[in-house]
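**Student:** Oh and the sequence shown: position 216 is 216 in full-length UniProt numbering, straight run, nothing missing.
In this text, a Cβ means the ideal position worked out from N, Cα and C, and glycines have one as well.
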Amino acid sequence: MTDLNPIAQAQQAASGVNQTNTASSAASLTDNFDTFLTLLTSQLQNQDPLSPMDSQEFVQQLVQFSSVEQQIQSTQAIQALLNVQAALAQLSSVDYIGKYALVETSGSLLSEGSAEWSYQLPQDATSTQLVITNEQGATVGTINGQTGTGEHRLVWDGKDTQGNTLPDGVYNLEVVAFNADGERIQDVSVLVGGRVTGVELSNGQAIVEVGGMQVPASRIVRLREIPADPVEQPAITDPADEEEGEPEAVG
């Protein structure tokens, strides 16, 4: 008896939830269902009238096709909802443009001899080192940081440990802090602030441009209005932590 199970390939393809697989799964299901009907018709025409084939297998195959078709339709519906959600996220992110945003990211743009970060210590530290690396991962500066619990700022003048002025670009900050037991403190947040100048959608995710950096909108931890009057407008730094005193600076 000819194998009447041509849906396995379509069933496997339908197991993934993404737009490309959904389209190919639907096409595969249609092709296999046509093949199934051709085989079924041929077998019915050539069966022995005195010993007809058991219809149970035919019914089982039809049920399988129906199950796969429902799975593909569910996948298409989920993908449509994800597309709508991504579009809504992008539209809501448009309201961020022109505002001051504090973003959780280690990278900051060095421009005109200045780059700035904030970092948050979840507990007091006995020692804190601020390690600055370039885009290739090489260490260009090591600075002694603050040790108290809370948020601190670092303003870097773009010079390495030998006093050489480094080129503009993206530099990363790593905070290495240890507690009284000599254990490294985990969950130290590194933040970068700046004006939001643009929003785009990439792979279903809203991406915002902050201080020349592109980061996911989901990483924004603080958002504030900036005064419209350029005379009164403050520098693009986080105004929340004046009680921390003067920011650390290198130079």
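By the 10 Å Cβ neighbour count, where 16 or more other Cβ atoms means buried, how is Ile220 classified, buried or exposed?
**Tutor:** Here residue 220 corresponds to residue number 220 of the sequence shown, with the count starting at 1. Classification for Ile220: buried.
**Student:** Go ahead and label Leu110 buried or exposed: buried means 16 or more other beta carbons lie within 10 angstroms of its beta carbon, across all protein chains shown.
**Tutor:** In the sequence shown, the residue the question calls residue 110 occupies position 110. Leu110 should be labelled buried.
**Student:** In whole angstroms, what separates the C-alpha of Gly150 from that of Ala125?
**Tutor:** In the sequence shown, residue 150 corresponds to position 150, counting from 1. In the sequence shown, residue 125 corresponds to position 125, counting from 1. Answer to the nearest angstrom: the Cα atoms are 11 angstroms apart.
**Student:** Does the Cβ of Val208 have 16 or more other Cβ atoms within 10 Å, making it buried, or fewer, making it exposed?
**Tutor:** Here residue 208 refers to the residue found at position 208 of the sequence shown. Classification for Val208: buried.
**Student:** Suppose contacts are defined by Cβ-Cβ distances below 8 angstroms. Is Gly194 in contact with Gly169 by that definition?
**Tutor:** Counting from 1 along the sequence shown, the entry for residue 194 is found at position 194. Counting from 1 along the sequence shown, the entry for residue 169 is found at position 169. Cβ atoms of Gly194 and Gly169: not closer than 8 angstroms.
**Student:** In terms of alpha-carbon separation, which member of Gln60, Leu201, Val103 and Val215 lies closest to Gln120?
**Tutor:** Your numbering for residue 120 matches position 120 in the sequence shown. When only C-alpha atoms are compared, the closest one is Val103.
**Student:** Please list the terminal residues of the continuous beta strand (DSSP E) segment that includes Pro216.
**Tutor:** Numbered from 1 along the sequence shown, position 216 holds the residue referred to as residue 216. Note, Pro216: beta strand (DSSP E), Met213 to Pro216.
**Student:** Taking C-alpha atoms, which residue in Leu154, Gln146 and Leu201 lies nearest to Phe178?
**Tutor:** Along the sequence shown, one-based indexing puts residue 178 at 178. Among Leu154, Gln146 and Leu201, the Cα nearest to that of Phe178 is on Gln146.
**Student:** Three-state secondary structure (DSSP) at Ala177?
**Tutor:** Counting from 1 along the sequence shown, the entry for residue 177 is found at position 177. Reduced to three states, the DSSP call for Ala177 is strand.
**Student:** Could you tell me the boundaries of the beta strand (DSSP E) in which Tyr100 lies?
**Tutor:** On the sequence shown, residue 100 is found 100 positions in, with the first residue counted as 1. Its beta strand (DSSP E) spans residues Tyr100 to Glu104.
**Student:** Does DSSP put Ala125 in a helix, in a strand, or in coil?
**Tutor:** As a first step, residue 125 must be located in the sequence shown, where it is residue number 125. Of the three classes helix, strand and coil, the one that applies to Ala125 here is coil, per DSSP.
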